[in-house]
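Chemist: Numbering (the numbering used here), first residue to last: 4 to 306.
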């Protein structure tokens with residue numbers, strides 16, 4: 004399932020790989036020489052049949068069909084992407100060959116399978132790399148891409164064996180869920196959070212190299228929650244989990260920096276444990292953006 008970016012003005016094409024770091028830097032996966040583009044501007048990552056684009060906090064922003072990117076977005080054939088002042092088109096060939104794409108002929112795409120929407124009680128996890136902006140400013144584009152690839156692999160190696168569904172990667176973040184809230188599921192989610200937050204636990208060669216050569220420790224902060232979510236098709240070919248419980252999980256993760264706690268869980272999440280005091284310590288009740296009432300949270304004790 005090949006895909007390319009085609010520059011609108013010149014017609015120059017760039018073949019997309021599994022992971023693509025786009026920017027002005029000499030060592031970007033796709034180098035676009037335009038003054039409006041940041042050195043490390045955006046990423047495009049393939050997940051199954053879909054390609055997801057994420058802005059990396061670029062100076063001039065990224066837009067898809069004139070809509071500014073505030074989170075990751077799945078691309079569709081023919082999407083118009085503006086990176087700074089440069090316009091490119093996303094073209095995808097479901098046959099797996101790039102020959103027709105480069106020649107200007109685009110085949111009809113088969114729509115990805117969409118799941119019917121249903122509401123379930125789910126266990127939710129949001130992870131985010133700590134100080135990603137500061138860290139990336141100290142690295143070349145190639146090193147940033149290598150770090151993100153290693154971290155994505157770490158997430159998959161930790162979450163999937165514990166039964167989680169990785170809903171999406173969001174640049175330097177990950178959102179995953181389990182469609183159950185039983186005690187065993189919550190324990191597996193807490194175990195995954197502990198492993199994700201422990202930088203020294205990773206066997207990543209890239210993380211080791213960053214620690215030893217750059218003095219950089221890559222750590223993930225995590226928010227945990229449970230609640231009702233709608234699972235299914237939220238757009239053509241895009242299956243995801245949405246709901247207020249998801250929004251709250253993102254807000255809980257954002258509290259980790261304020262409280263200097265690598266992992267925070269909602270009171271609702273902790274209530275599912277037989278002996279919560281052995282794993283969690285009370286971290287107070289705090290106001291969070293978008294919530295009318297303060298949120299009670301608990302910190303996960305170090306393993």
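We treat Cβ as the ideally placed atom computed from N, Cα and C, and that holds for glycine.
#1: To which residues does DSSP link residue 34 through a beta bridge?
#2: Just the Cα atoms here: how many angstroms apart are residue 91 and residue 125?
#3: Who does residue 301 pair with in a DSSP beta bridge?
#4: Looking at the strands, I want to know which residues DSSP matches up with residue 18.
#5: Within its chain, find whatever has a CB closer than 7 Å to the CB of residue 302; leave out the 5 residues flanking it on each side and keep chain order.
#6: Using a 10 Å radius around the Cβ and a threshold of 16 neighbouring Cβ atoms, would you call residue 33 buried or exposed?
#7: Quick one: what's got a C-beta closer than 7 Å to residue 162's C-beta in the same chain, skipping five residues either side?
#8: Have a look at residue 138 and residue 152 and give me their C-alpha separation to the nearest angstrom.
#9: Do you know offhand how far residue 135's Cα is from residue 185's?
#10: If we count the other Cβ atoms within 10 Å of its Cβ and call it buried at 16 or more, is residue 221 buried or exposed?
#11: Take the Cβ of residue 130 as the centre, count every other Cβ of all protein chains shown within 10 Å, and call the residue buried at 16 or more, exposed below.
#12: Using DSSP with H/G/I as helix, E/B as strand and the rest coil, what is residue 292?
#13: Who are the Cβ neighbours of residue 305 in its own chain at under 6 Å, not counting the five residues just before and after it?
#14: Note down, in chain order, each residue of its chain lying with its Cβ closer than 6 Å to the Cβ of residue 39, except the 5 sequence neighbours on either side.
#15: Taking DSSP as the reference, what is the three-state secondary structure of residue 76?
#16: What does residue 90 pair with, by DSSP beta-bridge criteria?
#17: Going straight from the alpha carbon of residue 10 to that of residue 141, what length do you get?
#18: Which runs of the alpha helix (DSSP H) at least 4 residues long sit entirely within the region 153-238? Give them in chain order.
#19: What's the gap between the Cα of residue 80 and the Cα of residue 270?
#20: Grab me the residues of residue 249's own chain with a C-beta within less than 7 Å of its C-beta, minus the 5 sequence neighbours each way, in chain order.
#21: DSSP on residue 121, reduced to helix/strand/coil?
#22: Only counting the same chain, and skipping five residues up and downstream in sequence, which positions put a Cβ closer than 6 Å to that of residue 290?
#23: Which residues bound the beta strand (DSSP E) around residue 48?
#24: Alpha carbons only, please: which of 122, 272 and 16 is nearest the one belonging to residue 243?
#25: Mapping DSSP to helix, strand and coil, what is residue 61?
#26: Going by the beta-carbon positions, is the gap between residue 83 and residue 56 smaller than 8 Å?
#27: With distances taken from CA atoms, which of 281, 299 and 217 is nearest residue 193?
#28: What is the residue span of the alpha helix (DSSP H) that residue 258 lies within?
#29: Mark residue 3 as exposed unless 16 or more other C-beta atoms lie within 10 angstroms of its C-beta, in which case mark it buried.
#30: Along the alpha helix (DSSP H) that carries residue 135, what are the first and last residues, could you check?
#31: What is the C-beta distance between residue 199 and residue 158, in whole angstroms, given that I count them as a contact (C-beta under 8 Å)?
#32: According to DSSP, residue 275 sits in a beta bridge with which residue or residues?
Modeler: To lay it out plainly:
#1: Looking at the DSSP assignment, residue 34 forms a beta bridge with 26.
#2: 38 Å
#3: 268 and 285
#4: Answer by DSSP bridge pairing, in chain order: 7.
#5: 264, 266, 267, 283, 284 and 286
#6: buried
#7: 169, 179 and 195
#8: Those two C-alpha atoms are separated by around 15 Å.
#9: Using only the alpha carbons, I get a separation of about 33 Å.
#10: buried
#11: buried
#12: coil
#13: Listed in chain order, the non-local C-beta contacts of residue 305 below 6 Å within the same chain number zero, local neighbours out to five positions each way being set aside.
#14: Closer than 6 Å at Cβ, skipping near neighbours: 63, 87 and 88.
#15: strand
#16: 85
#17: 29 Å
#18: 186-200 and 208-212
#19: 43 Å
#20: By the criterion of a C-beta distance shorter than 7 Å, residue 249 is surrounded in its chain by 127 and 232, once the five residues flanking it on both sides are discounted.
#21: Look at residue 121 here: in three-state DSSP terms it is strand.
#22: 297
#23: Taken as a continuous stretch (DSSP letters only), the beta strand (DSSP E) holding residue 48 covers 45-50.
#24: 122
#25: coil
#26: In this structure, residue 56 does not lie closer than 8 Å to residue 83 by Cβ.
#27: 281
#28: For residue 258, the enclosing alpha helix (DSSP H) has its first and last residue at 247-262.
#29: In the structure as shown, the chain begins at 4 and stops at 306. Residue 3 is therefore absent and cannot be evaluated.
#30: Per DSSP, the continuous alpha helix (DSSP H) segment holding residue 135 begins and ends at 135-140.
#31: 7 Å
#32: BP columns for residue 275 are empty, so no partner.
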